[in-house]
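According to this note's numbering, the residues represented by the sequence shown are 110 to 311, in order.
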Amino acid sequence: MRTTSFVSFASLVWLSLGASVARADAPGVYAESLPPERVGLELGVGLQGGRIFCEGQMGQCDGFTEAGGGNVSAAYFLSPTLGIAVDLWAMAHTDDGFTFAHYVNTVALKWRPMPILTLTAGIGEAHASLDYDGVAQFGVRSDDAFAILGAASLDLIRGNRWALSVEARFGNGFYGDDDNDGMADVVGRSVGVGAGLSIFGF
110 MRTTSFVSFA SLVWLSLGAS VARADAPGVY AESLPPERVG LELGVGLQGG
160 RIFCEGQMGQ CDGFTEAGGG NVSAAYFLSP TLGIAVDLWA MAHTDDGFTF
210 AHYVNTVALK WRPMPILTLT AGIGEAHASL DYDGVAQFGV RSDDAFAILG
260 AASLDLIRGN RWALSVEARF GNGFYGDDDN DGMADVVGRS VGVGAGLSIF
310 GF
């Protein structure tokens with residue numbers, strides 16, 4: 110009888126210890142399976158292919174050209190879902206020694222409604238340039254203009270301190286208003302789709 114009671118007591122202790130260990134280990138295992146939250150400083154670089162569009166009220170320009178480019182950004186995420194950023198972006202097209210480039214540089218808000226999805230909206234300045242590198246060399250630059258930026262990126266591969274994503278973005282520059290009608294005389298628009306690399310966890 111005493112032996113049976115001892116075995117029953119030992120079994121209960123063993124089961125209780127097993128349940129406690131399982132409860133203690135489960136959260137740790139679950140936590141380690143998830144990547145850490147992305148807060149604080151985040152640096153990014155991207156490459157895009159796309160087009161530069163030009164639209165003029167008086168027919169100064171109407172059309173587009175294929176272009177390629179890239180961007181660099183620095184962001185600070187106040188929380189896992191909201192951050193502020195500086196984004197510098199250029200797209201360019203080269204043909205017969207002529208290079209036309211459109212630059213969109215903005216201060217932006219970044220919103221991450223899901224851990225793998227980031228939406229960006231910003232305002233800043235834009236300008237365009239035309240350079241020739243041939244028998245002679247020269248370059249011209251437009252005045253600065255008000256600009257807007259919009260972008261959406263989706264993480265495809267995620268590490269603890271980096272993420273590789275696919276991104277689509279556009280940037281508009283609004284140039285001139287000589288007739289004071291509240292509408293830009295010329296709108297330059299960059300549109301690009303490409304890949305981006307983000308580094309965080311500093």
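Even glycine gets a Cβ: it sits at the ideal position worked out from N, Cα and C.
Cβ shell of residue i (< 6 Å), same chain only, five flanking positions each side left out
i: Phe209; result: His202 and Leu239
i: Tyr241; result: Gly206, Phe207 and Phe247
i: Gly282; result: Ala235, Ala254, Ala256 and Gly297
i: Phe162; result: Phe173 and Arg298
i: Leu166; result: Residue identity check: residue 166 is Gln in the sequence provided, not Leu. Hits under 6 Å: Asp294.
i: Cys170; result: Cys163
i: Leu152; result: Ala183 and Ile308
i: Val249; result: Leu239
i: His211; result: Ile161, Met200, Ala237, Gly297 and Ser299
Sequence-distant residues of its chain with Cβ nearer than 7 Å to residue i (five each side left out)
i: Ala217; result: Ala194, Asp196, Thr229, Ala230, Gly231 and Leu258
i: Glu310; result: The sequence shown places Gly at residue 310, not Glu. Pro145, Asn269 and Arg270.
i: Gly301; result: Gln157, Gly158, Gly159, Gly178, Met200 and Arg278
i: Gly303; result: Gly155, Leu156, Gln157, Gly158 and Glu276
i: Ala189; result: It should be noted that the sequence gives Pro, not Ala, for residue 189. For Pro189, where only same-chain residues beyond five positions count, the Cβ hits under 7 Å are Glu146, Arg147, Val148 and Arg221.
i: Thr215; result: Asp196, Gly231, Ile232, Gly233, Ala256 and Leu258
i: Glu175; result: Arg160 and His202
The beta strand (DSSP E) enclosing residue i, as first and last residue numbers
i: Met200; result: Leu191 to Asp204
8 Å Cβ shell around residue i - same chain, five flanking residues per side excluded
i: Asp290; result: none
i: Leu187; result: Val148 and Ile193
i: Val191; result: First, the amino acid is wrong: residue 191 is Leu here, not Val. Excluding residues within five positions, the ones whose Cβ falls inside 8 Å are Leu218, Lys219, Trp220 and Arg221.
i: Asp286; result: Met292, Ala293 and Asp294
i: Leu143; result: none
i: Ile266; result: Ala272 and Leu273
Residues bridged to residue i (per DSSP)
i: Asp264; result: Ser274
i: Gln157; result: Gly178 and Gly303
i: Ala184; result: Glu151 and Ala194
i: Asn281; result: Ile257 and Arg298
i: Cys163; result: Gly172 and Gly297
i: Phe311; result: Paired residues: none, contrary to the question.
Whole-Å CB distance - residue i paired with residue j, under 8 Å assumed
i: Val181; j: Val154; result: 5 Å
i: Asp264; j: Ile225; result: 4 Å
i: Ser251; j: Ala260; result: Ser251 to Ala260, Cβ: 23 Å. No contact.
i: Gly305; j: Ser274; result: 5 Å
Item checked: Every unbroken beta strand (DSSP E) inside the segment 211-256 [3 residues or more] -> 226-242 and 246-250
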